[in-house]
Amino acid sequence: MAAARPAAGRRAIEVLLEAELPYAEGRRLVLVDAVWAGGDTDREFTVQVEGTARRVHVTDQDSPLGIADAWRHHTTDTDPDGDSVLVVTGKVPADQLGWDLRGHAVRRRPLAVERADIVRQLFGTGDLDTRMVRETWLLDALLEAEPTGGWPRAGSVLTRDRAVRALLAARTGLGNTDEDSLDLDADTLFDWSRTSTGPRRFAELAEQERSGLTAWLAEVTGPAAPTLLALAADGRGTDALPLGALASAALGCPSAADAGFALGTLFGRALGSFDALAPYATAATGVLTRWIAQAEAGGSAGSEARARVLTVLERADQLAETARLTGLLAGDRLLPSGYRTRLRTLASALDGRPGPAQAALRDLADHQLDKLLADSTERAHTAVRLLRWLDSPQFAPESVGKGVRHHIESTGWVDLATGILAEGDASRDSEIGEAYHRLIGRVRERRRELDEQFAATLATWTEAASQQAPHGALLIEDVLAEAAAPLARDGGRPLVLVLDGMSADVAVELAAGLDRRFWTEVVPATPAGSRSGRLAAVAMLPTLTKISRTSLLSGTPAEGGQDVERAGFTSFWKKRRREAVLFHKGGYEGTAGHRLAPELLGALADEKTIVGVIVNTIDDALGDGRENGRARWRIGDIAKLADLLGAALGAGRPVLLVSDHGHILDRSPRETGPTVADGAQGARWRTGPAQPGEVELAGPRVRTAGGRITAAWRDDLRYTARQAGYHGGASLAEVTVPVLAFVPSGSEIPTGWTALPAEDTAPQWWRGGAETAEPQEAASTPRGKGNRKPPPQSEGLFPQKGHGTLGEQTVRSKPYETQREFVRNAPNNAAVAAALDALLAAGGKLSPAAVASAAQAATGKSERNPQRFVTMLERLLNIDGYPVLQLVESGRTVHLDRELLRQQFPEGAPS
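Using numbering that gives the first Met the number 0, you'd call the opening residue of the sequence shown number 0 and step up by one each time.
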């Protein structure tokens with residue numbers, strides 16, 4: 000049997016003519032030893048030969064007579080006097096062609112079409128990979144798929160891998176034909192499967208070419224490629240990754256056999272065998288896991304990765320629902336449905352004690368989407384925190400001073416958590432929403448009990464409290480004297496930032512949002528052994544701007560508007576021989592082209608002037624609410640606050656962040672109207688006898704209505720039309736005035752102040768930990784003292800007999816003593832040991848302020864520059880450059896490497 004003749008398409012003919020016509024010596028007949036593989040529309044075209052366009056006509060003939068007739072017709076009728084070329088293809092053997100016909104042909108014989116030679120010419124290479132010669136599908140595809148601008152030059156040898164990569168780019172859009180190499184892996188392949196055109200173009204290829212590309216991709220990217228490409232060929236390329244995620248979930252579920260049958264239906268003919276399912280699932284989940292890590296890293300790339308992951312996994316859930324797999328996969332760690340199942344489990348535990356809810360929270364945190372679904376996860380954490388607060392001993396405000404301090408330290412965080420939870424879960428799941436609603440109801444009931452007790456204490460205190468007799472409370476008119484003036488000692492120039500209406504929940508969130516690389520929170524130092532904490536003052540009554548803010552800025556009980564405030568502020572600082580200027584709304588905002596007013600920037604740059612700025616954003620929002628509907632406040636939400644803080648930082652000024660009063664939010668049903676009462680003077684206060692939910696207040700602290708008012712303490716009472724929020728009443732949230740102080744990190748902490756570590760700002764119920772664990776039932780057999788099992792001890796937390804703590808052992812070691820001799824002005828050993836022990840107890844990571852605070856607690860000596868103290872520790876501990884201790888996370892965290900500490904100071908390690 001005669002061998003099958005090769006086929007030649009238009010491109011093969013073009014290359015052949017470009018190579019042969021320059022040497023044709025005027026001949027216009029080209030005999031080709033191949034059959035025509037092109038279409039009828041490709042039979043006439045133009046080729047460039049030495050800069051000249053030559054017209055080409057192609058005819059396919061099956062007999063010598065047909066060839067002779069075609070040549071006669073071409074020379075007499077088609078183009079008798081031109082230079083166009085007739086190309087004849089067909090099945091006529093060369094030995095049947097007469098010499099009279101051959102005499103007119105280029106080279107006087109049929110020209111062979113060698114695919115390999117043509118490909119070599121197209122790539123401008125000297126030789127081909129020998130494997131390619133046997134792969135006719137690859138050669139034919141390269142000839143057919145040549146890009147408009149031609150194939151890229153391939154050097155001396157065109158390798159098979161280079162050729163296939165180029166073909167993939169041209170045929171399917173997988174890569175770029177101009178690149179010398181392409182990093183092909185499962186990530187690249189699955190990413191390509193999600194494109195709109197790539198899988199479709201692959202499906203349109205001939206079966207032999209698809210098979211060849213599939214085999215090569217399986218070699219390069221792994222065993223997942225055949226299944227993925229089969230899905231693409233089946234028109235389901237966009238479902239390749241969702242199906243892989245679903246396969247992983249199904250194979251890992253308790254009913255894997257049942258799930259596997261449903262999976263087979265979903266994959267259809269694209270699944271060659273069930274043995275291919277596991278490697279495919281592994282590859283898919285590997286890709287998704289890497290994308291999740293990118294998403295958790297944040298930034299624009301992280302946002303894009305997050306969108307990719309959620310799109311893929313939501314589609315996987317849709318496919319699971321179609322196959323009735325959702326119930327079987329409820330416990331999966333990757334699918335969003337698994338996350339929602341865990342979230343519902345947590346929600347169902349919120350009606351009881353914290354233990355089951357905390358276990359459910361740990362289970363939720365174990366899901367791979369816990370950080371990508373950060374809003375839902377944060378609300379779940381918040382719900383468990385509130386549950387812990389409900390389970391903690393109830394605080395009873397013995398005095399007004401203790402009440403407002405406890406509010407800034409604890410119940411203000413309750414209000415923050417309630418606000419977070421009140422926004423609802425992003426999933427809009429009614430079961431979860433109802434559980435949160437019930438929890439908020441329980442929290443509000445307990446908060447009302449506390450507000451009622453505080454209101455009664457406030458009524459008694461108000462009768463006699465004054466600036467001369469504050470009875471243990473910081474009065475709002477004393478804030479400048481007790482907080483701002485100490486910051487101004489020794490030439491300090493504090494910026495007094497008054498955020499009108501800032502309540503404690505807003506204050507603690509704003510403080511948490513300050514970048515600790517640039518700001519260090521400070522509080523007044525207390526005697527050794529006592530705990531330092533944030534300041535909180537008591538507002539004037541009723542809690543209105545014109546009374547409380549004027550009193551704050553004047554340093555004495557006062558009432559009035561902006562003129563009175565300016566005069567009072569200037570007078571207060573003049574008595575202390577300091578110049579001062581106060582900027583109200585409109586006075587500090589810059590004109591076009593300026594972030595801040597030049598007058599404000601000039602005042603901040605002045606070495607002698609104390610600057611005050613009043614920002615009304617929060618108070619203004621209580622009227623109509625905020626456009627985004629959120630109750631929480633971050634630094635970027637408050638007009639010009641970030642700019643003001645940045646200007647203060649640039650000028651090296653400490654900042655006193657203070658309010659004039661707090662506020663409550665209206666969380667009552669929309670249809671709830673105002674409380675009908677006589678003598679209403681404002682949203683939350685009136686005159687006349689007190690009714691349930693109200694308290695009568697009288698005395699020197701009441702600055703209006705003849706010194707006697709009735710104020711609402713219940714958060715659902717108001718006497719005016721509905722607004723987003725209110726103030727003027729007697730609740731803790733309205734009466735408490737947060738007073739927070741910050742100094743630029745790296746600067747000296749003012750005398751009389753100490754750093755407040757970020758770790759010490761939140762209450763214990765917020766942070767969680769061993770103290771909130773469920774109480775254990777007593778053992779059936781009581782233990783005597785001699786039988787009690789000692790608690791496990793951790794190195795660095797407890798001194799070992801004859802050794803001391805690990806920190807103490809380290810500073811007594813010979814390597815440390817030697818190193819200390821080379822460090823000038825090194826802190827004393829007790830401070831270093833305490834800092835090391837604190838870091839060890841915290842798992843090796845603390846903020847610089849916390850490290851300095853631990854040293855201060857041990858020595859009684861204030862470490863006025865936490866950053867410098869940490870730098871000294873680095874010099875003492877990092878012998879020969881080994882990073883025993885270092886600042887990480889852009890300077891926000893001190894990290895102690897426990898193992899390096901033991902290696903560098905072996906004499907300090909316990910025996």
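Each residue gets a CB set at the ideal place from its N, CA and C atoms; glycine is no exception.
Since this is a predicted model, take the numbers as computed values, not measurements.
Indicate whether G692 and D677 have their beta-carbon atoms separated by less than 7 Å.
Here residue 692 refers to the residue found at position 693 when the sequence shown is read from its first residue. Here residue 677 refers to the residue found at position 678 when the sequence shown is read from its first residue. Not a contact, by the Cβ cut-off of 7 Å.
Just the Cα atoms here: how many angstroms apart are E113 and D128?
Start at 1 with the first residue of the sequence shown, and residue 113 comes out as number 114. Start at 1 with the first residue of the sequence shown, and residue 128 comes out as number 129. Between E113 and D128, the C-alpha separation is close to 15 Å.
Go through the stretch 71-139 residue by residue and report every complete run of the alpha helix (DSSP H) that reaches 4 residues or more, in order.
98-101, 114-121 and 129-133
Can you tell me whether DSSP reads V442 as helix, strand or coil?
If you number the sequence shown from 1, residue 442 lands on position 443. In the structure shown, V442 sits in a helix (DSSP, three-state: H, G or I).
Relative to the C-alpha of R106, which candidate in D61, R42 and P21 has its C-alpha closest?
By 1-based counting over the sequence shown, the position of residue 106 is 107. That would be P21, whose Cα lies nearest to the Cα of R106.
Taking 7 Å as the cut-off, decide whether the C-beta atoms of V57 and E13 are in contact.
Numbered from 1 along the sequence shown, position 58 holds the residue referred to as residue 57. Numbered from 1 along the sequence shown, position 14 holds the residue referred to as residue 13. Not in contact: V57 and E13 (Cβ atoms no closer than 7 Å).
When you compare only the Cα positions, how much space is there between L875 and V887?
In the sequence shown, residue 875 corresponds to position 876, counting from 1. In the sequence shown, residue 887 corresponds to position 888, counting from 1. Cα to Cα, L875 sits roughly 18 Å from V887.
CB-CB under 8 Å to A329, same chain, minus the five flanking residues each way: which ones, in chain order?
Within the sequence shown, the letter at position 330 stands for residue 329. Same-chain partners within the cutoff: S336, G337 and T340.
Beta-carbon contacts of Q452 that lie in its chain and below 7 Å, excluding the five residues immediately before and after:
Within the sequence shown, residue 452 is the residue found at index 453, counting from 1. The residues are A395 and P396.
Classification of F260 by the beta-carbon crowding that lies within 10 angstroms, buried from 16 upward
If you number the sequence shown from 1, residue 260 lands on position 261. The residue is exposed, with fewer than 16 neighbouring Cβ atoms inside 10 Å.
Helix, strand or coil for W53 per DSSP?
The sequence position of residue 53 within the sequence shown is 54, counting from 1. According to the sequence provided, residue 53 is Arg. The question's Trp does not apply to it. Looking at R53 - three-state DSSP - the assignment turns out to be strand.
In angstroms with no decimal places, state the Cα-to-Cα distance between E670 and L600.
One-based indexing of the sequence shown puts residue 670 at position 671. One-based indexing of the sequence shown puts residue 600 at position 601. C-alpha separation (whole angstroms): 47 Å.
Have a look at Y881 and Q902 and give me their C-alpha separation to the nearest angstrom.
Along the sequence shown, one-based indexing puts residue 881 at 882. Along the sequence shown, one-based indexing puts residue 902 at 903. Whole-angstrom Cα-Cα distance: 10 Å.
With H, G and I counted as helix, E and B as strand and the rest as coil, what does DSSP make of R707?
Residue 707 sits at position 708 when you count from the first residue of the sequence shown. Reduced to three states, the DSSP call for R707 is strand.
Count the other CB atoms within 10 Å of the CB of N864; is the residue buried (16 or more) or exposed (fewer)?
In the sequence shown, counting from the first residue as 1, residue 864 sits at position 865. Label assigned to N864: buried.
Can we say the stretch 164-174 touches the stretch 191-199, given the rule of at least three CB pairs closer than 8 Å?
yes
So for H436, helix, strand or coil by DSSP?
One-based indexing of the sequence shown puts residue 436 at position 437. Three-state result, H436: helix.
Name the residue from P79, V84 and A761 whose alpha carbon lies nearest to the alpha carbon of A52.
For this step, residue 52 is matched to residue 53 along the sequence shown. Looking at the Cα atoms, V84 is the closest of the given residues.
Looking at the unbroken alpha helix (DSSP H) that takes in A591, where does it start and where does it end?
One-based indexing of the sequence shown puts residue 591 at position 592. Unbroken run through A591: none, as it is neither H nor E.
As a quick exercise: from E862, A841, D32 and L835, pick the residue whose alpha carbon is nearest that of A848.
Within the sequence shown, numbered from 1, the residue matching residue 848 stands at position 849. Residue E862 is the option with its Cα nearest to A848.
Considering F201, what are the terminal residues of the alpha helix (DSSP H) in which it resides?
Position 202 of the sequence shown, counted from the first residue, corresponds to residue 201. G197 to A202 is the extent of the alpha helix (DSSP H) around F201.
Uninterrupted alpha helix (DSSP H) stretches inside the stretch 350-418 (no shorter than 4 residues):
353-364, 373-390 and 399-405
Report the rounded CA-to-CA distance for E43 versus V31, giving the unit in angstroms.
Taking the sequence shown and counting its residues from 1, the one referred to as residue 43 is at position 44. Taking the sequence shown and counting its residues from 1, the one referred to as residue 31 is at position 32. Taking the straight line from one Cα to the other gives about 16 Å.
Should L911 be labelled buried (16 or more other beta-carbon atoms within 10 Å of its own) or exposed?
This structure does not reach residue 911, given that the chain is present from 0 up to 910, and the question cannot be answered.
Is it buried or exposed for G25, if we count other Cβ within 10 angstroms and need 16 for buried?
For this step, residue 25 is matched to residue 26 along the sequence shown. Flag for G25 reads exposed.
Go ahead and label T780 buried or exposed: buried means 16 or more other beta carbons lie within 10 angstroms of its beta carbon, across all protein chains shown.
Taking the first residue of the sequence shown as 1, we reach residue 780 at position 781. Confidence at T780 is low in this model, with a pLDDT of 34, below 50, so its placement is unreliable and the value that follows should be read with caution. Burial call: exposed.
Tell me which same chain residues have a C-beta within less than 7 Å of the C-beta of D78, skipping the five on either side of it?
In the sequence shown, the residue the question calls residue 78 occupies position 79. So no residue of the chain qualifies.
Between Y279 and T321, is the Cβ-Cβ spacing less than 7 Å?
Counting from 1 along the sequence shown, the entry for residue 279 is found at position 280. Counting from 1 along the sequence shown, the entry for residue 321 is found at position 322. Not a contact, by the Cβ cut-off of 7 Å.
Determine the extent of the beta strand (DSSP E) in which E520 is found, giving its start and end residues.
Position 521 of the sequence shown, counted from the first residue, corresponds to residue 520. Its beta strand (DSSP E) spans residues W518 to P523.
Would you give the residue range spanned by the beta strand (DSSP E) that Q47 belongs to?
As a working note, residue 47 is residue 48 in the sequence shown. Segment E43 to V48, the beta strand (DSSP E) holding Q47.
Same chain, Cβ closer than 6 Å to E578, neighbours up to 5 away in sequence not counted
Taking the first residue of the sequence shown as position 1, residue 578 is located at position 579. Only K607 and T608 meet the Cβ criterion.
Nearest to S272 (by Cα), restricted to the options A223, S746 and D619
Position 273 of the sequence shown, counted from the start, is the residue given in the question as residue 272. Checking every option, the nearest Cα to that of S272 belongs to A223.
Could you name the residues that DSSP lists as bridge partners for A620?
Reading the sequence shown from its first residue, position 621 is the one you call residue 620. BP columns for A620 are empty, so no partner.
Determine the burial state of H436: buried for a count of at least 16 other Cβ atoms within 10 Å of its Cβ, exposed for fewer.
Within the sequence shown, the letter at position 437 stands for residue 436. Label assigned to H436: exposed.
Using only the alpha-carbon positions, how far apart do V734 and V311 sit?
The residue labelled residue 734 in the question sits at position 735 within the sequence shown. The residue labelled residue 311 in the question sits at position 312 within the sequence shown. Each residue's alpha carbon lies about 50 Å from the other.
Work out the CA separation of D116 and L100 for me, nearest whole Å.
Taking the sequence shown and counting its residues from 1, the one referred to as residue 100 is at position 101. Taking the sequence shown and counting its residues from 1, the one referred to as residue 116 is at position 117. Rounded to the nearest angstrom, the two C-alpha atoms are 27 Å apart.
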